[in-house]
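Everything below concerns the one structure shown next.
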Amino acid sequence: MIEIILKKKSLINPIQHILLYTTLAEIYDYNDDMENLFDFAIEAVSIYHKFINLIPKAHPIIENIHSMLGRAYYKKYDFKSASDTYLKTLAFSDEVNSKSVTLVNIATIYIDQDDPKMALTYLDQSFELSSKLNQSIINYKILSLMNQKYSRAYKLDNDLKKAIFYGEEALRLCEVHKDSRRVASTSLYLSNLCPD
1 MIEIILKKKS LINPIQHILL YTTLAEIYDY NDDMENLFDF AIEAVSIYHK
51 FINLIPKAHP IIENIHSMLG RAYYKKYDFK SASDTYLKTL AFSDEVNSKS
101 VTLVNIATIY IDQDDPKMAL TYLDQSFELS SKLNQSIINY KILSLMNQKY
151 SRAYKLDNDL KKAIFYGEEA LRLCEVHKDS RRVASTSLYL SNLCPD
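What the sequence shown shows, in the working numbering, is residues 1 to 196, in sequence order.
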C-alpha cells in the first residue's frame, strides 16, 4: 500500500507527502532501522525544500521533519550534523515544550561527547524556557527528562551530589506521573550512581 502511494507522489499534496515520509521515518526509528530512518528523514526535508513556497512557515510539520532529521544524524553518531539540525529546528517553533525538548536533545549530544559544560549550558536554556510556562501547562515528562540529563551531565562533571539530586528529582517526577518504565530505568541509574 505504502509503495503504491510513494509511486503516485503527484496524487497527494506536499504536506501529506512530507507527513507520510516523516511517519515512515518514525516507524523505522522505532524499529532501530537507522538506514531507512535516515533516508526517509532526508527525503521529507528534501520534499519540504522543493515545495517551500507552498507550505506555511508556521506549519508544525516543518519542525517535525527537521527534528526527525536531527534524530537520524544523532543515531548515525554524526553529532555535528545532529546539533546543527537541532539548532535550525529551534527556529521553526514558538511552542515552549517543543523548544525545551530540542534543547535537551542538543544537551544529550554534548553528554554523549563527554562535554558536561556545553550540556549544562543547553539544559539551563531549556530549564529557563520551561520556567516561563504556567504551572498548569508544564509537561512533566519533559521536566523528568531534563532532570535525568542534568544528572548525567553533573555525573560527567564529577559532581556526585548534584547528579544524585537531579536523579532523585527525575525519579520523583516519574513516580508522580506513574511512568513505570522511566521509574525502573531511573531507579537503576540511581542505584548505579550511589551503590551504597
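A virtual CB, placed ideally from N, CA and C, is assigned to each residue, including glycine.
Considering only the alpha carbon of each residue, which of 192, 67, 14 lies closest to residue 104?
Counted from its first residue, the sequence shown places residue 104 at position 104. Ranking the options by Cα distance to residue 104, first place goes to 67.
What is the DSSP secondary structure of residue 95, counted as helix, strand or coil?
Within the sequence shown, residue 95 is the residue found at index 95, counting from 1. Correct three-state label for residue 95: coil.
Is the number of C-beta pairs between the region 88-97 and the region 108-127 that are closer than 8 Å three or more?
Cβ pair count under 8 Å is below three, so no.
Tell me the start and end of each unbroken alpha helix (DSSP H) in the region 134-183 that is at least 4 residues and wholly inside, in chain order.
140-156, 160-176
Around the C-beta of residue 148, are 16 or more other C-beta atoms found within 10 angstroms, so that it is buried, or is it exposed?
In the sequence shown, the residue the question calls residue 148 occupies position 148. Its Cβ being crowded by 16 or more others within 10 Å, residue 148 is buried.
Rounded distance between the beta-carbons of residue 163 and residue 186, thought under 8 Å:
On the sequence shown, position 186 is the one that residue 186 refers to. On the sequence shown, position 163 is the one that residue 163 refers to. Separation of the CB atoms of residue 186 and residue 163 is rounded to 12 Å, and the pair is thereby denied contact status at 8 Å.
Continuous alpha helix (DSSP H) stretch holding residue 69: start and end:
Position 69 of the sequence shown, counted from the start, is the residue given in the question as residue 69. Unbroken alpha helix (DSSP H) run through residue 69: 60-75.
At the level of alpha carbons, what is the spacing between residue 159 and residue 78?
Mapped onto the sequence shown, residue 159 falls at position 159. Mapped onto the sequence shown, residue 78 falls at position 78. A direct Cα-to-Cα measurement between residue 159 and residue 78 gives close to 28 Å.
For residue 13, count the other beta carbons within 10 Å of its own beta carbon; 16 or more makes it buried, fewer makes it exposed. Which is it?
Translated into the one-based positions of the sequence shown, residue 13 becomes position 13. It counts as exposed.
Given a threshold of 16 other Cβ atoms within 10 Å of its Cβ, counted over all protein chains shown, does residue 1 qualify as buried or as exposed?
As a position in the sequence shown, residue 1 is number 1, starting the count at 1. With a pLDDT of 44 at residue 1, under the threshold of 50, the predicted position of this residue should be treated as unreliable, and no value is reported.
Three CB pairs or more closer than 8 Å across the region 24-36 and the region 50-58:
Touching, no.
To which residues of the same chain is residue 37 closer than 7 Å at the C-beta, ignoring the five residues directly before and after it?
What you label residue 37 is simply residue 37 of the sequence shown in a count that begins at 1. The answer, listed in chain order, is 25, 28, 29, 72, 75.
Does residue 99 pass the burial test, meaning 16 or more other C-beta atoms within 10 Å, or should it be called exposed?
The sequence position of residue 99 within the sequence shown is 99, counting from 1. Burial call: buried.
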